[in-house]
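Okay, structure first, notes after.
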Amino acid sequence: MNFDSLKDIDDVLFLDIFSEDNVRSSMKYEPRAGDVIIVTYPKCGTTWTQYIVSNILTKANVPSHPGEYMLYTPFIELLGSEAAMNPSRKGPLMTHLPLKNMIFSKQAKYIYVARNPYDCCVSAYYFLKGLTPKSHLDVSFETFVQNFISGKVFYGDYFDHLLGWYKLRNEPNVLFILYEQLKEETEKWTLKIAEFLGKEHCTALRNDRTLLDKILQLSSLEKMKVTFNYNAHDRIQGLLELSSRHSLKFLDKLNKRPGKIEEMHEGAGFVRKGIIGDWRNHFTSKQVDITKEWIAKKTSASDVMLLWSAYDLP
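Going by UniProt numbering, the first residue of the sequence shown is number 1, and it counts up by one from there.
Here you go:
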C-alpha cells in the first residue's frame with residue numbers, strides 16, 4: 001500500500017479522497033436530538049451495521065441507488081456536516097472518527113461496533129489493497145501488519161479508537177456491539193438494535209415476522225455482496241451522478257477532486273468474507289508474536305481484550 005499518500009488532518013490519517021473542509025466540518029458537527037450515529041474503526045462491520053439500521057428505520061425500504069443511499073445515511077467526514085444537516089436526510093450518520101475528534105452529545109444515540117484486531121487487520125488489508133494503484137508495487141500483508149500495529153493506516157491506531165468508546169460502553173445512549181456477536185446471533189442483535197433505536201421499531205419487528213425475515217435476508221452476507229458490489233471510487237461516482245439533482249457543496253468538492261483514476265490492485269470492496277477467524281489464514285507465527293506484544297502494550301491498563309475471551313485469539 002502507498003502509506004505515504006495518507007494525509008494528516010488534525011492528527012487523524014485519511015485517504016486522499018477526503019476533503020479537508022469536509023473532515024473539519026464533521027469534527028465540529030454537534031449531533032442533534034434524533035441523530036443515530038454508527039461509529040466504528042474501519043473494517044469492523046460498518047457497512048453491515050449501517051445497512052441493518054437503515055432497514056430497521058425504513059421497514060426494509062432503503063434507497064437502492066448508491067448515491068441516494070449515501071445521502072440517506074451519510075459518511076460524515078467524507079461528505080461534511082452539510083450532509084448531516086441536510087433537511088432531507090432521514091437516516092443514520094456513519095463515522096470512523098476517533099472519540100477525541102468528534103463532539104459527543106447526550107442527545108444522540110451511538111452504535112459502536114468493535115471487531116477483534118486480528119480480523120480487522122486482515123479486512124483492512126484487502127480493502128486498502130483494492131484502493132492501491134498498481135504503480136505501487138509493495139502490497140504485501142507483512143508490510144501492512146507493520147503499519148497497522150504502528151498506527152500508520154487510515155484513521156490511525158486501532159486501540160486509540162476502541163479504548164475511547166470502550167469507556168463509554170455503559171452510557172445509556174451508547175449501544176456497544178461486538179462484530180462477532182452480531183455475526184453469530186444476527187437476529188438477536190438486530191432486535192437489540194431495533195429496541196435501542198426505539199421501542200416502536202422493536203415492536204414492529206416482533207409483531208411482523210415477515211418484515212424481520214426480510215431485513216435478515218437483505219443484510220445477509222450473500223445479499224450484501226450483491227447490494228454493495230462496488231468499491232469506494234464507484235460509491236463516489238454514484239454521488240456525482242446526483243450532482244444535477246442536488247445542490248450540495250460537498251458534491252461540488254468531490255466533483256473538483258483532482259487526479260485520474262488509476263488501475264488498482266485486486267482487493268476487496270465494502271463486503272468481503274464477513275467471517276470470524278480469517279486471521280488464521282494470514283498471520284504467520286512471527287506476525288502473531290509482534291501483534292500480541294502490541295496488544296499487551298496498548299491494553300496494559302484495560303480489560304478490553306476480555307471482549308473476545310470466547311474467540312480463541314492468540
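Quick reminder that beta carbons are idealized off the backbone N, C-alpha and C, glycines included. Quick caveat, the model's predicted, so the values are computed rather than measured.
Cβ-based burial, G156 [other Cβ within 10 Å; buried from 16]: Translated into the one-based positions of the sequence shown, residue 156 becomes position 156. By the neighbour-count rule (16 or more Cβ atoms within 10 Å), G156 is buried.
Residue 334 by DSSP, collapsed to three states: which one? Because the chain in this structure spans residues 1 to 314, residue 334 falls outside the shown range and cannot be described.
Mapping DSSP to helix, strand and coil, what is L17? Counting from 1 along the sequence shown, the entry for residue 17 is found at position 17. The residue asked about is misnamed: residue 17 is Ile in this sequence, not Leu. I17: coil per DSSP, three-state reduction.
By Cβ distance, which residues of its chain are closer than 7 angstroms to G45, with the 5 residues on each side in sequence left out? Here residue 45 refers to the residue found at position 45 of the sequence shown. Contacts found: V113, R115, Y179 and L182.
Does DSSP put Y110 in a helix, a strand or coil? Position 110 of the sequence shown, counting from 1, holds the residue named residue 110. It is a strand residue.
On a CA-only basis, which of T291, D303, M305 and T299 is nearest I149? Give me that one, please. By 1-based counting over the sequence shown, the position of residue 149 is 149. Comparing Cα-Cα distances from I149 to each of T291, D303, M305 and T299, the minimum goes to T291.
Could you pull out every residue in the same chain whose Cβ sits closer than 6 angstroms to the Cβ of Y158, ignoring the five residues on either side in sequence? If you number the sequence shown from 1, residue 158 lands on position 158. Excluding sequence neighbours, Y158 sits near Y41 and P117.
Opposing strand residues paired with V39 [DSSP bridges]: On the sequence shown, residue 39 is found 39 positions in, with the first residue counted as 1. Answer is T95 and Y112, bridged to V39.
Just curious, the beta strand (DSSP E) that V174 is in, first and last residue? As a first step, residue 174 is located in the sequence shown; it is residue number 174 there, counting from the start. Looking at the DSSP string, the run of the beta strand (DSSP E) that includes V174 is V174 to L178.
Using 8 angstroms for Cβ pairs, my map puts I38 next to P92. What's the rounded Cβ distance? Counted from its first residue, the sequence shown places residue 38 at position 38. Counted from its first residue, the sequence shown places residue 92 at position 92. In this structure I38 touches P92 by the C-beta definition: roughly 5 angstroms separates them, less than 8 angstroms.
Taking C-alpha atoms, which residue in T143, K199 and Y51 lies nearest to Q287? Stepping through the sequence shown from its first residue, residue 287 is reached at position 287. Residue T143 is the option with its Cα nearest to Q287.
Beta-carbon spacing of E77, T95 below 8 angstroms: Along the sequence shown, read from residue 1 onward, the residue named residue 77 stands at position 77. Along the sequence shown, read from residue 1 onward, the residue named residue 95 stands at position 95. The Cβ atoms of E77 and T95 lie closer than 8 angstroms to each other.
Going by Cα to Cα distance, which pick from L15, K167, K199 and V145 is closest to F104? Translated into positions along the sequence shown, residue 104 becomes position 104. The closest CA to that of F104, considering only L15, K167, K199 and V145, is found on K167.
Please classify N55 as buried or exposed, where buried requires at least 16 other C-beta atoms within 10 Å of its C-beta. Here the question's residue 55 lines up with position 55 in the sequence shown. Classification for N55: buried.
Thinking C-beta only, is L175 closer than 8 angstroms to L15? Stepping through the sequence shown from its first residue, residue 15 is reached at position 15. Stepping through the sequence shown from its first residue, residue 175 is reached at position 175. Not a contact, by the Cβ cut-off of 8 angstroms.
Exposure of A296, with buried meaning 16 or more beta-carbon neighbours within 10 Å: What you label residue 296 is simply residue 296 of the sequence shown in a count that begins at 1. Looking at its Cβ environment, which holds fewer than 16 other Cβ atoms inside 10 Å, A296 is exposed.
Own chain partners of W308 with C-beta closer than 8 angstroms, once the 5 adjacent residues on each side are dropped: Translated into positions along the sequence shown, residue 308 becomes position 308. N116, L178 and E180, listed in sequence order.
With a cut-off of 8 angstroms on the beta carbons, I'd call L205 and L212 a contact; round off their distance for me. Here residue 205 corresponds to residue number 205 of the sequence shown, with the count starting at 1. Here residue 212 corresponds to residue number 212 of the sequence shown, with the count starting at 1. Between the beta-carbon of L205 and that of L212 there is about 5 angstroms, and that keeps the pair under the 8 angstroms contact cut.
Buried or exposed (CB count within 10 angstroms, at least 16 for buried), T73: Locating residue 73 in the sequence shown gives position 73, counting from the first residue. When all chains shown are included, T73 counts as buried.
Drop a sphere of 10 angstroms on the beta-carbon of T210, count the other beta-carbons inside from all chains shown, and report buried for 16 or more, exposed for fewer. Here residue 210 corresponds to residue number 210 of the sequence shown, with the count starting at 1. So T210 ends up on the exposed side.
Whether F154 touches L13 by CB criterion (8 angstroms): What you label residue 154 is simply residue 154 of the sequence shown in a count that begins at 1. What you label residue 13 is simply residue 13 of the sequence shown in a count that begins at 1. The criterion of a C-beta distance shorter than 8 angstroms is satisfied by F154 and L13.
Could you check the C-alpha separation between D8 and I52 for me, to the nearest Å? In the sequence shown, the residue the question calls residue 8 occupies position 8. In the sequence shown, the residue the question calls residue 52 occupies position 52. Each residue's alpha carbon lies about 31 angstroms from the other.
Nearest-angstrom beta carbon gap, T190 and L216 [assumed within contact, 8 angstroms]: As a first step, residue 216 is located in the sequence shown; it is residue number 216 there, counting from the start. As a first step, residue 190 is located in the sequence shown; it is residue number 190 there, counting from the start. Their Cβ separation, rounded to whole angstroms, is 7 angstroms, which keeps L216 and T190 in contact under 8 angstroms.
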